[in-house]
Structures are given as C-alpha cells and as structure tokens.
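Its first residue numbered 12, the sequence shown is counted upward by one per residue in the working numbering. One structure is given below, encoded as structure tokens.
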Amino acid sequence: MNQSEVLYSFVTEPSSKRRDLLNLAIENIELIRRTDILKELRERKIMIMESLKEEIGITNKAIKHFETLMPLKIKEEHEKIQEKVERSKVKIENYHKIEKMDELGMELEDIRNKLNNLNF
C-alpha cells in the first residue's frame with residue numbers, strides 16, 4: 012500500500028466502542044468457563060463409564076459363579092471353581108482447576124469494573 016493510498020478512519024463514539032469490546036471480553040471469559048466445565052464433565056463421564064464396565068464384568072463373573080451353584084446343573088467338586096468377587100468402588104476424582112478459575116474470575120471482575128466506570 013502506497014502512502015498516497017493510506018486510509019484513515021475516525022471513531023465517532025469511543026466510549027460505546029470500548030463498552031462493546033468489554034462486553035465481548037466478558038462473553039469470551041464466560042465461554043471459556045463453560046468449556047472448562049464441559050471438559051470436566053466429559054472426563055467424569057469417561058471415568059464413570061470405565062468403572063461401570065468393570066462392575067459389569069464383576070457382575071457377569073458373579074452370575075456365572077451363581078449358575079455353577081444352581082442345583083439344576085450337577086458338577087463334580089473339582090470342576091467347581093469359586094471366585095471371590097470384590098466390589099470395586101467408583102472413584103470419581105474431582106478436578107478443581109482453582110487457579111485457572113480464579114484468574115478468569117479476577118479478569119472478569121476487572122472487566123466488569125471497567126464497564127461500570129464507563130457507564131458513570
């Protein structure tokens with residue numbers, strides 16, 4: 012672009028433009044928060060699904076063991092295999108990203124304060 016083709020523009024209402032930019036910043040931070048929450052929920056869902064698969068496997072083993080003990084099927088003692096089934100507990104780790112959320116919260120409050128100062 013040559014110097015003769017330089018384009019200048021003027022901002023007619025700078026306070027309204029600044030207000031719009033601050034509102035957009037607030038919306039962006041809220042979207043980031045929501046995506047973080049969704050990521051945590053997705054991780055929890057995966058953990059729960061894995062533990063449910065383990066529970067289903069344990070339950071299937073218990074059903075097979077129970078079927079071997081049923082009087083309808085007579086088997087010799089040495090063919091009976093007894094398995095001890097331990098129940099596993101669903102462990103859901105609570106991932107708190109306190110530092111990241113605090114930084115976002117502080118930034119959000121700072122932007123809101125700037126917006127309130129513009130409104131007088």
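Even for Gly, the Cβ is constructed at its ideal location relative to N, Cα and C.
The C-alpha of residue 123 lies about 8 Å from the C-alpha of residue 34. Here the alpha carbons of residue 60 and residue 47 stand approximately 20 Å from one another.
Separation of residue 58 and residue 79 (C-alpha to C-alpha, rounded to the nearest whole angstrom) is 32 Å.
C-alpha of residue 25 to C-alpha of residue 127: approximately 15 Å in a straight line. Taken atom to atom, the span from the alpha-carbon of residue 74 to that of residue 63 is near 16 Å.
Taking a C-beta distance under 8 Å as the contact criterion, residue 118 and residue 40 qualify as a contact pair. Between residue 28 and residue 116, the alpha-carbon positions lie close to 23 Å from each other.
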